[in-house]
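Written out below as structure tokens is the structure these notes cover.
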Amino acid sequence: MADRFQFYPLYLTRFVASLGYITLLTLLPTYIEALGATGVVAGLFVTALGVGRTVAILPLGWAADRYDKRAILLFSLLLSGVSYGLFTLVDSSLGFIVARTLQGLGMVGTGMVSLALVGDLAAADDRANQIGKYNSWRMAAGVIGTLGAGVLYDYYGFDPIFAVLVVLFALALVGVWWLVDSDDTTVTSFAFFDLALNDRILTVTSFRAQYAVSVTLVRNWMPIFVGVAVARGGLALSATAVGVVVATEKFTNMLGQPFAGRLSDRYGRGLFMAVGGGAYGLVALAIPLAPAAGEALGLAATLPVLGTMPAAFFVAVALNGLLGLADSLREPASMALFADEGKGSGITSSFGIRGLVWRPGALIAPLVGGYLMDTAGMNWVFVLAGVTALTGVATFLGIVSKRYGPRELARW
419 MADRFQFYPL YLTRFVASLG YITLLTLLPT YIEALGATGV VAGLFVTALG VGRTVAILPL
479 GWAADRYDKR AILLFSLLLS GVSYGLFTLV DSSLGFIVAR TLQGLGMVGT GMVSLALVGD
539 LAAADDRANQ IGKYNSWRMA AGVIGTLGAG VLYDYYGFDP IFAVLVVLFA LALVGVWWLV
599 DSDDTTVTSF AFFDLALNDR ILTVTSFRAQ YAVSVTLVRN WMPIFVGVAV ARGGLALSAT
659 AVGVVVATEK FTNMLGQPFA GRLSDRYGRG LFMAVGGGAY GLVALAIPLA PAAGEALGLA
719 ATLPVLGTMP AAFFVAVALN GLLGLADSLR EPASMALFAD EGKGSGITSS FGIRGLVWRP
779 GALIAPLVGG YLMDTAGMNW VFVLAGVTAL TGVATFLGIV SKRYGPRELA RW
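In the working numbering, the protein residues as written are 419 to 830.
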């Protein structure tokens, strides 16, 4: 019973950290306009977050494994609260960049370390289930932030939004301090080096490095596809309609993760990674067909708030919902596998490796996607996304079959 109560402040930590991230993402164009940022400076508004997140992975991962994860998480929550408080004082581009960098530093601690604590606290046969519940709070924050941040800004401005975030971070900090036990596991070596050569982690990396390209392209270009002009390959729908499409993926992902995590605890991590990744790739390939499918089905209708929506809108909503369900099969299984391998030998470092493997694809994919959009057309962005997900699954299955035998997939 005591262990179960320790999960609750970790869920809250995941929720408020994700809510802060999606709120800033939603309000970023507003900040760019308000501060008059252009060109390179506007780019730094985005890059600053990535710099903070990248710089923090190795030192925070090492410190959390070497010392007390709970203490590192408390520090990260305090740092995050300070960073969001600073946004209320921002009156220049430099101030925004500083606050954004601190936001990135805090995000690594609140995300990676809280996830490591969930993996540590959960039993081996319940680990993916608990991670799925934990991730559901992240998705819930995504739904609320995506739909609510812009509306709240229109009514109240910046300051009240960030005041609420600071209060939520304070509540999470008190919850972790009050309910989560100190961590007595200590790893004296630099676990990143040992785990980077772990056979199972290397095998998953063969999939994850390619899958990062797919997910980055889909998550960034799905709202672009829904919102830009038809002449540029999009559906030319309103900002509110774009928000609904984006929120659908997060909603179905939120619903699916605990259930899928529980099944992957029973039937194998690798199986769910392969099925989820393959389904994600197939749905991504279907996205360019949304206009034609909508026209064939004749689903156009008038909705409250949104107004008259073309048939393609409903197809886009359905496809993005399917993407969320597909990814809900993969994510808790993937995270649990990294937790399995890091348990007792550096679980935070294991999740740090998981984050680092994602970075190259996440950085390169937007550049490639922009090039394809301007040259071959937007449809090819989703073709590349689908192909990289499927090749990632094929590589993963091939390595597992060759190294361990086809029947071992169910026991991963």
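Think of the CB as a built atom: it goes at the ideal place given N, C-alpha and C, for glycine as much as any other residue. Note that the coordinates shown come from a computational prediction; the quantities given were computed from them, not determined experimentally.
Under a three-way DSSP split, which group does residue i fall into?
i: M796; result: coil
i: L616; result: Rather than Leu, the amino acid found at residue 616 in this sequence is Asn. DSSP places N616 in coil when its eight states are reduced to three.
i: L755; result: helix
i: V598; result: coil
i: S746; result: helix
i: W776; result: helix
i: L834; result: Because the chain spans 419 through 830 in this model, residue 834 falls outside it and cannot be assessed.
i: W480; result: helix
i: V646; result: coil
i: D509; result: coil
i: G739; result: helix
i: A630; result: helix
i: W808; result: The question names Trp, yet the displayed sequence has Leu at residue 808. In this structure, L808 counts as helix in the three-state DSSP scheme.
i: A588; result: helix
i: G537; result: helix
i: G823; result: coil
i: A654; result: coil
i: T621; result: helix
i: W639; result: helix
i: W830; result: coil
i: T456; result: coil
i: T519; result: helix
Round the Cβ separation of residue i and residue j to the nearest angstrom and send it over; I've been treating them as touching at under 8 Å.
i: L583; j: L443; result: So it is not a contact: roughly 13 Å between Cβ atoms.
i: F769; j: T621; result: Contact doesn't hold; Cβ gap of about 17 Å is too wide.
i: G529; j: A435; result: 6 Å
i: K668; j: G560; result: 4 Å
i: A697; j: V733; result: Contact doesn't hold; Cβ gap of about 17 Å is too wide.
i: L495; j: A590; result: 6 Å
i: V644; j: V633; result: About 17 Å separates the two Cβ atoms, so there is no contact after all.
i: F463; j: A455; result: 6 Å
i: Y439; j: W555; result: So it is not a contact: roughly 13 Å between Cβ atoms.
i: V693; j: L655; result: Between L655 and V693 the Cβ distance is about 31 Å, and since that is not below 8 Å, they are no contact.
i: G695; j: M796; result: That pair is no contact at about 23 Å.
i: A730; j: P709; result: 5 Å
i: G479; j: S752; result: Contact doesn't hold; Cβ gap of about 17 Å is too wide.
Based on the DSSP output, what are the partners of residue i in its beta bridges?
i: A719; result: M727
Along the chain, where does the alpha helix (DSSP H) that runs through residue i open and close?
i: K761; result: From DSSP, K761 is part of no alpha helix (DSSP H); its letter is neither H nor E.
i: L430; result: A420 to L453
i: Y502; result: K487 to L504
i: E667; result: A657 to Y685
i: T528; result: Looking at the DSSP string, T528 is not in any alpha helix (DSSP H), and its letter there is neither H nor E.
i: D572; result: R545 to Y574
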